[in-house]
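Engineer:
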Amino acid sequence: EMTQSFQIVKRSKEQQHSFNTPYQLANIPKDKFKAKIADQFWSDEPTLADTYQVKLKPGDIIMLATDGLFDNLFKHEILRVVDDFVKQANCITPKLLSNERSGGDSLFSRNRPCVPEYNHVEDLDADDARQLAIKLAQSAYTKAHNNDCLTPFGKRVNKLLKNC
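For the sequence shown, the positions run 2 to 165 when the numbering used here is used.
1. Is His146 helix, strand or coil when you go by DSSP?
2. By Cβ distance, which residues of its chain are closer than 7 Å to Asp72, with the 5 residues on each side in sequence left out?
3. On the DSSP bridge list, what partners appear for Pro23?
4. Rounded to the nearest angstrom, what separates Asp149 and Ile135 at their Cα positions?
5. Tell me the residue span of the alpha helix (DSSP H) that contains Ala90.
6. Just checking: is the beta-carbon of Ile9 within a distance shorter than 8 Å of some beta-carbon in chain D?
7. If I'm right that Phe86 touches Leu133 with Cβ under 8 Å, what's the distance once you round it to whole angstroms?
8. Between the Cα of Lys58 and the Cα atoms of Lys144, Ser140, Asn164 and Val122, which residue gives the shortest distance?
9. In the DSSP assignment, the alpha helix (DSSP H) including Val158 goes from what residue to what residue?
10. Which of the three DSSP states is assigned to Ser107 in this structure?
11. If we ignore side chains and look at the alpha-carbon of each, how far apart do Glu15 and Asn91 end up?
12. Helix, strand or coil, according to DSSP, for Val122 in the structure here?
13. Buried or exposed: Ala127, going by 16 or more other Cβ atoms within 10 Å of its Cβ?
Here it is as structure tokens:
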């Protein structure tokens, strides 16, 4: 999967016992309740998690997300949100100050619509990462609540039902 600026280099596989039964980490109280659910999938061990080693380069984006994102947005949709956000975050356009103290100098704003001259992830900061996470969550939420949209989860359900 790829957009004009970004591509997915590595993605972990879904870690689940069966369809729609993902691994669960939980701290179950040590009482009779724990004994009742000991055989359930409520208490997976962290050692069950897959581990990966990936060499990173400047500008790489590491995305950690739950099924709330990956069940609702296809890879190309996630890439489009990231691509659009990074282009906008790096956008620099001149904005003339209107007050007399400006002396005619220009200010540059990263938050104004424009055609970006560059697309550098290295220039993004923690607030940008937070804003990107919000954009991704909003996109997933919007799509999840649109009954006319096919989601990755819906596609897997349809495939499962066809095999029955």
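Glycine is no exception: its CB is placed at the ideal position from the N, C-alpha and C atoms.
Structural biologist: To lay it out plainly:
1. coil
2. Thr152, Pro153 and Phe154
3. Gln17
4. 23 Å
5. Lys76 to Ala90
6. Here there is only one protein chain, and chain D is not present.
7. 5 Å
8. Val122
9. Pro153 to Lys163
10. In this prediction, Ser107 has a pLDDT of 36, which is less than 50 and means its spatial position is unreliable; nothing more can be read from the coordinates.
11. 33 Å
12. helix
13. exposed
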